[in-house]
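Asks: Input: one structure, supplied below.
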Amino acid sequence: MKKTLFLVLLTFSFLVISNICFFAEQGFAEETIKVMTFNLRYGTAMDGPNHWDKRKDILVELIRNYDPDLLGTQECLDFQAKYIAEQIPSYLCVGKGREKDGSGEQAAIFYKKDLWEVLDTKYFWISETPEEPGSKSWDTVCTRIVTWLKLKHKPSGKEILYINTHLDHKGEIARQKGAEIICERVKKEGENLPVIITGDFNAVGEKSEPWKIFMSNGFNDSWLKADEKIGPLTTWCGFKDPDSNSDYRIDWILYKGPYHPLRCETIVYNKNGKYPSDHFPVITVFKWGS
223 MKKTLFLVLL TFSFLVISNI CFFAEQGFAE ETIKVMTFNL RYGTAMDGPN
273 HWDKRKDILV ELIRNYDPDL LGTQECLDFQ AKYIAEQIPS YLCVGKGREK
323 DGSGEQAAIF YKKDLWEVLD TKYFWISETP EEPGSKSWDT VCTRIVTWLK
373 LKHKPSGKEI LYINTHLDHK GEIARQKGAE IICERVKKEG ENLPVIITGD
423 FNAVGEKSEP WKIFMSNGFN DSWLKADEKI GPLTTWCGFK DPDSNSDYRI
473 DWILYKGPYH PLRCETIVYN KNGKYPSDHF PVITVFKWGS
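The numbers in the numbering used here rise by one with no breaks, and the one at position 39 of the sequence shown is 261.
Encoded structure:
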């Protein structure tokens, strides 16, 4: 019995390690890029046993193991961004607090400094006055910010736009307007570059208006288009194991342009039952087009 249990655990460990190694290997291929979206959960939230201090090292371990080339975060406060950057020095971070004084949540983007050069950085707000810091409109409960980077991929010389955001958790109109604002910006200022968008959209993929707005503006959903899908459909977990009956897929990696998603995974990762966040991160391996 003990021998059988040992073999089962050994096999499971091999599968987990193999899965992580797959993503690590993909990062070294010039023709592929790995993109992750990850709602970190506020580091100041009163989560008891799931407080930031009790899970931050698991979170860093996950990022280090999956090794994304680009990482878009949500609910990232300044001290959380600094901690991740200190622990994984291969990344540089671009982010700004969403409130008028620069405090609060950042839609921070981490990028591998040996792979990417930042050519341009923009921030705008999901409001009727998107250039006004801290502004909000419609039925928005919280101020919402968008981080926009124009990046040059050093190995290939190719340029892309990378956009990261976190749409409102209550305001249905605000979520729709947010999708519209981002799409309009891409049309006007996107320079016809390939685009990747990551975010916690607080809206279910395939069913919600924000998702439909992005699709009608030429974006694709990497989860639906990937050659291989791994993990549960739901991306919210509440620090618990995934619910196999839930379709609450609110964290997306969208793209427009000459990419082909080889693999997309909703990452279920814990240590001794402790999860790094109340969301599952999502990672997609894209193959570059011509």
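Where a beta carbon is used, it is the ideal one built from N, C-alpha and C, also for glycine. Small disclaimer: the values here were computed from a predicted structure and weren't measured.
Extract the residue ranges of the alpha helix (DSSP H) inside the region 382-461, only unbroken runs of 4 or more that lie entirely within it.
Replies: 394-411, 431-438, 444-447
Asks: Let's see if you can read the secondary structure: which residues bound the alpha helix (DSSP H) around R286?
Replies: 274-288
Asks: Which residue wins for smallest C-alpha separation from F461, given the options E428, K276, Y384?
Replies: K276
Asks: Comparing alpha-carbon positions, which option in T387, I505, S499 lies nearest Y264?
Replies: Looking at the Cα atoms, S499 is the closest of the given residues.
Asks: Can you check DSSP and say which residues form a bridge with V363?
Replies: V363 pairs with nothing; no bridge assigned.
Asks: Note down, in chain order, each residue of its chain lying with its Cβ closer than 6 Å to the Cβ of G519, except the 5 sequence neighbours on either side.
Replies: Given a span of 223 to 512 for the chain in the structure shown, any question on residue 519 remains unanswerable.
Asks: Run through the DSSP bridge pairs and tell me what K372 is partnered with.
Replies: D342, L383
Asks: State buried or exposed for M268, treating a residue as buried only when at least 16 other CB atoms are found within 10 Å of its CB.
Replies: exposed
Asks: Give me whichever residues DSSP pairs with Y264 in a beta bridge.
Replies: Its beta-bridge partners do not exist; DSSP assigns none.
Asks: Check whether the region 321-340 and the region 443-452 touch, using three or more Cβ-Cβ pairs below 8 Å as the test.
Replies: no
Asks: Any chance you could list the beta strand (DSSP E) runs of at least 3 consecutive residues sitting entirely within the region 285-323, in chain order?
Replies: 292-296, 313-316
Asks: Just verifying my parser: in three-state terms, what is the DSSP assignment at P483?
Replies: strand
Asks: Taking the alpha carbon of S468 as the point to measure from, which residue in K478, I475, T457 has its own alpha carbon closest?
Replies: T457
Asks: How about V316 and L371: are their beta carbons less than 8 Å apart?
Replies: yes
Asks: Should E308 go down as buried or exposed, given a rule of 16 or more other Cβ atoms within 10 Å for buried?
Replies: exposed
Asks: Where DSSP assigns a beta bridge to L337, which residues make up the other side?
Replies: Per DSSP, none; premise fails for L337.
Asks: With 16 other CB atoms within 10 Å as the buried threshold, where does I472 fall?
Replies: buried
Asks: Suppose you measure from the CA of C459 to the CA of D465; what does that come to, to the nearest Å?
Replies: 8 Å
Asks: Given a cut-off of 8 Å on the beta-carbon distance, is the pair I435 and Y384 in contact?
Replies: no
Asks: Nearest to I395 by CA position, among Y481, N287, K358, Y313, is which residue?
Replies: K358
Asks: If you draw a straight line from the C-alpha of Y470 to the C-alpha of L455, how long is it?
Replies: 7 Å
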